[in-house]
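Throughout the sequence shown, residue numbering follows our numbering, covering 543 to 929 in sequence. Think of the CB as a built atom: it goes at the ideal place given N, C-alpha and C, for glycine as much as any other residue.
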Amino acid sequence: MKAILALSDGTVFEGEQFGATGEAIGEVVFNTSMTGYQEVLTDPSYKGQIVTMTYPLIGNYGCNEADVESIGPQVEGFVVREYSAYHSNWRSKWSLDTYLSEHSIIGIQGIDTRALTRRLRVHGVMNGCLSTEDLNPESLVAKTRAWHGLVGWDLVQRVTCPNPYAWQISNQLPVTSSQKESSRKGEVTSPLHHRTLATGACYKVIALDFGIKYNILRQLTEHGCEVQVVPAQTPAEDILAAEPDGVFLSNGPGDPMPVDYAIKTIQGLMGKKPLFGICLGHQLLGLALGGKTYKLKFGHRGANQPVKHLETDRVEITSQNHGFCVDIDSLPNSVDITHINLNDDTLEGIQHREYPLFSVQYHPEASPGPHDASYLFSRFTDMMDEC
543 MKAILALSDG
553 TVFEGEQFGA
563 TGEAIGEVVF
573 NTSMTGYQEV
583 LTDPSYKGQI
593 VTMTYPLIGN
603 YGCNEADVES
613 IGPQVEGFVV
623 REYSAYHSNW
633 RSKWSLDTYL
643 SEHSIIGIQG
653 IDTRALTRRL
663 RVHGVMNGCL
673 STEDLNPESL
683 VAKTRAWHGL
693 VGWDLVQRVT
703 CPNPYAWQIS
713 NQLPVTSSQK
723 ESSRKGEVTS
733 PLHHRTLATG
743 ACYKVIALDF
753 GIKYNILRQL
763 TEHGCEVQVV
773 PAQTPAEDIL
783 AAEPDGVFLS
793 NGPGDPMPVD
803 YAIKTIQGLM
813 GKKPLFGICL
823 GHQLLGLALG
833 GKTYKLKFGH
843 RGANQPVKHL
853 ETDRVEITSQ
863 NHGFCVDIDS
873 LPNSVDITHI
883 NLNDDTLEGI
893 QHREYPLFSV
903 QYHPEASPGP
913 HDASYLFSRF
923 TDMMDEC
């Protein structure tokens, strides 16, 4: 079936549909990872976006129950150069076409993704409409231009959990699109409990869910943490009443500025509990400290982003997925810069000189990507030990 991707600058790409049929609108971005497309698809940080993979062949190893980072695909649409209908891997359960179709995600193949990526790099990310129904280019371009975009839109409310739950590996369940509305992330709902620790756990951590990835929860658990995940709008008083050893601020989608309720919560936690933020959690922490954020031209998305750790002069190859950034010059003197992106010198990490808190813009949990920065989870547990 024919499919069309139209951009807000009037550029139109014609290709072939795979996955679901219909129409989707979102911000068109590109990801430079060569593998890990299922982890990319299921990362809640991509909510509101149509993702283009720069690697030309996608789908050759299929999809499975393990390589997921949330309840299911979160992207608005998926763009590839060539979709591999034949999939071969010992863990494969479904083709990518079946997986996307089951979750009502439209895919388009057969377009020049290199030309699309170059356009986004030169002109910046832009709104797009992907359709198998409306094949009128002028109509699709008009729809993209009328769409509000991501700036000023609170996307966290579309991906956060509705109720607190205790994370267990068994929470990671394959869920069909028909179950999606009634069961968010396969979680077991529980009240926000006071200080208790399961056998073998050393630390009680409360994770604010702005769109948290499963592998962050896995990493925290592997580092001796008993993790309770709470909705993004949970106030600081409730978190402090539960007496955690530390609080984790998760990744998530979109513009951090409209998530003002989370900024208020973080301000109520600073200096009272150790804090560790990743991605959107890093941006929200920067705002809570008095900094400012801005939108990047085309963002950082991929598993090969070089970051310099200023304290050690070590270069880490990192996994990243963000379109907004904290302005270095806006941060107060009480904040130290710990990491810098070597491609464009943007901020990648901070720590406070007095309070036990730190954050990074990139994804040390990887999935997909390298594990150069996994030491940060140990740093979090060390901080909880010291407090």
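Membership of H690 in any alpha helix (DSSP H) is not indicated, and neither H nor E is assigned to it by DSSP. In terms of Cβ geometry, D609 and N793 do not form a close pair [threshold 9 Å]. For D878, the secondary structure class from DSSP, reduced to helix, strand or coil, is strand. With a cut-off of 8 Å on Cβ pairs, the stretch 619 to 634 is in contact with the stretch 645 to 652, counting three or more such pairs. In the three-state reduction of the DSSP assignment, A830 falls in the helix class, which pools H, G and I. Just so you know, the alpha carbons of T776 and A804 end up roughly 8 Å apart. The beta-bridge partner set that DSSP reports for P773 consists of D751.
In this chain, the beta strand (DSSP E) harbouring M668 covers 668 to 673. Across the set L583, D654, N883, the C-alpha of D654 shows the shortest separation from the C-alpha of E558. In the same chain as T674, and ignoring 5 residues on each side of it, the C-beta atoms closer than 6 Å to its own belong to M543, A545, Q559, T563, in chain order. For L677, same chain residues with a beta-carbon under 7 Å away, outside a window of 5 residues either side, are K544, I546 in chain order. In the DSSP assignment, M925 falls within the unbroken alpha helix (DSSP H) covering 917 to 928. Straight across, the Cα-Cα distance linking A708 with F752 is about 16 Å.
Y836 counts as exposed, since fewer than 16 other C-beta atoms from the protein chains shown sit within 10 angstroms of its C-beta.
Listed in chain order, the beta strand (DSSP E) elements of length 3 or more contained wholly in the stretch 569 to 609 are 591 to 595. In the three-state scheme derived from DSSP, where H, G and I count as helix and E and B as strand, S901 is classed as strand.
G557: member of the beta strand (DSSP E) spanning 554 to 561, first to last residue. Cα atoms of D639 and E611: separation of roughly 19 Å, rounded to the nearest angstrom. Exclusion of the five residues before and after V769 leaves W709, V747, A749, L759, L762, T763 as the residues of its chain whose Cβ lies within less than 7 Å of its Cβ.
For K837, the enclosing beta strand (DSSP E) starts and ends at 835 to 851. Per DSSP, reduced to three states, the secondary structure at S626 is coil, with no helix or strand assignment. Scanning its chain for C-beta atoms nearer than 7 Å, with the 5 sequence neighbours on each side dropped, one finds around P679 the residues I546, A548, V554, in chain order. Sequence-distant partners of S637 (beyond 5 residues in either direction) whose C-beta falls short of 8 Å from its own C-beta, in its chain, are G601, G604, C605, A627, H629. Spanning the alpha carbons of S643 and P816 requires a straight line of approximately 42 Å. If you check the CB distance, P912 and A845 come in under 9 Å. Classified as exposed, T854 has fewer than 16 neighbouring CB atoms from the shown chains inside 10 Å of its CB.
Assigned with DSSP and collapsed to three states, N678 falls in coil, not helix or strand. DSSP places H665 inside the alpha helix (DSSP H), whose first and last residues are 655 to 665.
Classified as exposed, H690 has fewer than 16 neighbouring CB atoms from the shown chains inside 10 Å of its CB. DSSP places T807 inside the alpha helix (DSSP H), whose first and last residues are 802 to 811. Counting along the chain, A545 sits inside no alpha helix (DSSP H); it lies in the beta strand (DSSP E) bounded by residues 544 to 549. Under the DSSP assignment, E644 falls in the alpha helix (DSSP H) whose first and last residues are 638 to 644. Per DSSP, the continuous beta strand (DSSP E) segment holding N863 begins and ends at 856 to 868. For I613, the secondary structure class from DSSP, reduced to helix, strand or coil, is coil.
Bounds of the alpha helix (DSSP H) holding L762 are 756 to 764. Distance from the Cα of A684 is smallest, within the candidate group A774, S550, G666, for S550.
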